[in-house]
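One structure is given below, encoded as structure tokens.
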Amino acid sequence: MSLHLARVKMGGRLTFTERFSDSRMPGTIVDMHVHTVRGAADSSLTPEQLIEEARRIGLTGVNISEHDRAWDDHQIEEFREQSGLFVSRGMEVSTDVGHIIVVGLTRYVPGIRKISELRKAVDEVGGFMIAAHPFRHFFDPVHFRRDGRPPFDLTPKQAAELPVFQLVDELEVANGGCTPRENAFALEVARVLGRRGIGASDCHSTQGVGCFVTVFEEELESPGTGPSGQEQMLALLRAGRYYAGAGLNVRQLQPFAETVAFLK
Ligand SMILES: [Zn+2]
Ligand SMILES: [Zn+2]
């Protein structure tokens, strides 16, 4: 598993954390895909536990992404105040081409189960769309046999042409619920597409919070009054000013891509 390997120094080279720890503090470190008891029947993570774990590991932001529903203003505001974290309102939308993490929508809009409708709704608010765990189970023959489909044998270049990637802005290259192989393949596809890739835990319990993260180049301001931190996050997402990170929860934050190169 890459997280364990990430602890090992690379042939005497300094790790990312050592190189940058005193000279260049990262901006806000955000887990972009988090489920809590408030919005996911299969999650046992309470908002209080999320705060506690974020503090313990040094996570400074979360994108709350419940299934097909967004936290309301009051819930978001209360959580910001309680946690002191940067809190982004996201949503994981189930669509005809898979799960999509959305930033920018404040509520579920009827019809967005169709990805083309989701794209329209997100464009109207200047939001951002991320394909979640795009290759989960793709290398599992049982999965394909069950669906009566031939096994997945696309190259990264061919996979990059799948319809979903023409309609999203980004894809998760590091998802805590995916296997190392699925994540490594997603990273290769992201490279073909010229995207940086998003890191996120997809956690449903305390365990796993922040195992993969997205590190923003700037510190994100928690919105309250004044310019919205949500807008700031969207601007950085659009500008590609972030990278997918791994190892925060084992105190070895480094770019996810470095851990993948190391695995090969
Ligand atoms: Zn999902
Ligand atoms: Zn999820």
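Residue 154 in the working numbering sits at position 154 of the sequence shown, with consecutive numbering throughout.
By construction, the Cβ of each residue, glycine as well, lies at the ideal position given by its N, Cα and C atoms.
Residue burial classification, residue i (beta-carbon count within 10 angstroms, cutoff 16)
i, result
"residue 166", "exposed"
"residue 158", "exposed"
"residue 266", "Residue numbering for the chain in the displayed model covers 1 to 264; residue 266 lies beyond these limits and cannot be assessed."
"residue 47", "buried"
"residue 74", "exposed"
"residue 231", "exposed"
"residue 195", "buried"
"residue 94", "exposed"
"residue 70", "buried"
"residue 235", "exposed"
"residue 9", "Residue confidence is low: residue 9 scores 37 on pLDDT, short of 50, so the model does not pin down where it sits. No coordinate-derived value is stated."
"residue 6", "For residue 6, the predicted structure reports a pLDDT of 37, less than 50, and the residue's modelled location is therefore unreliable. The matter cannot be settled from this model."
Rounded straight-line distance, which links the Cα of residue j to that of residue i
i, j, result
"residue 67", "residue 40", "6 angstroms"
"residue 185", "residue 169", "18 angstroms"
"residue 237", "residue 120", "18 angstroms"
"residue 29", "residue 128", "18 angstroms"
"residue 112", "residue 64", "19 angstroms"
"residue 89", "residue 33", "11 angstroms"
"residue 109", "residue 179", "32 angstroms"
"residue 77", "residue 190", "34 angstroms"
"residue 139", "residue 131", "18 angstroms"
"residue 117", "residue 123", "10 angstroms"
"residue 175", "residue 133", "6 angstroms"
"residue 147", "residue 101", "24 angstroms"
"residue 252", "residue 242", "17 angstroms"
"residue 84", "residue 247", "22 angstroms"
"residue 213", "residue 261", "18 angstroms"
"residue 21", "residue 218", "Low confidence applies here, because residue 21 scores a pLDDT of 46, under 50, leaving its location unreliable; read the following figure in that light. Each residue's alpha carbon lies about 15 angstroms from the other."
"residue 99", "residue 55", "28 angstroms"
"residue 161", "residue 115", "16 angstroms"
"residue 49", "residue 177", "19 angstroms"
"residue 269", "residue 149", "Because the chain here runs from 1 to 264, residue 269 falls outside it and cannot be looked at."
Supposed close pair residue i, residue j - CB separation, criterion 8 angstroms
i, j, result
"residue 82", "residue 51", "6 angstroms"
"residue 27", "residue 216", "4 angstroms"
"residue 244", "residue 256", "4 angstroms"
"residue 135", "residue 182", "5 angstroms"
"residue 197", "residue 171", "7 angstroms"
"residue 220", "residue 61", "6 angstroms"
"residue 163", "residue 103", "Contact flag wrong, Cβ pair sits at about 21 angstroms."
"residue 201", "residue 31", "5 angstroms"
"residue 154", "residue 125", "Actually they do not touch by this definition, with Cβ atoms about 33 angstroms apart."
Own chain partners of residue i with C-beta closer than 7 angstroms, once the 5 adjacent residues on each side are dropped
i, result
"residue 45", "35, 36, 37, 203, 204, 205 and 206"
"residue 222", "80, 86, 87 and 229"
"residue 141", "151"
"residue 107", "70"
Any non-hydrogen atom of ligand 4 closer than 7 angstroms to residue i Cβ
i, result
"residue 132", "Ligand 4 is absent from the structure shown, which contains only ligand 1 and ligand 2."
Chain-order list of residues whose beta-carbon lies under 6 angstroms from that of residue i (same chain, five-residue window excluded)
i, result
"residue 188", "156"
"residue 249", "57, 210 and 211"
"residue 137", "143"
"residue 233", "88 and 220"
Spatial neighbours of residue i in its chain, beta-carbon cut-off 8 angstroms, leaving aside the 5 residues before and after
i, result
"residue 53", "59, 206, 209 and 210"
"residue 42", "35 and 204"
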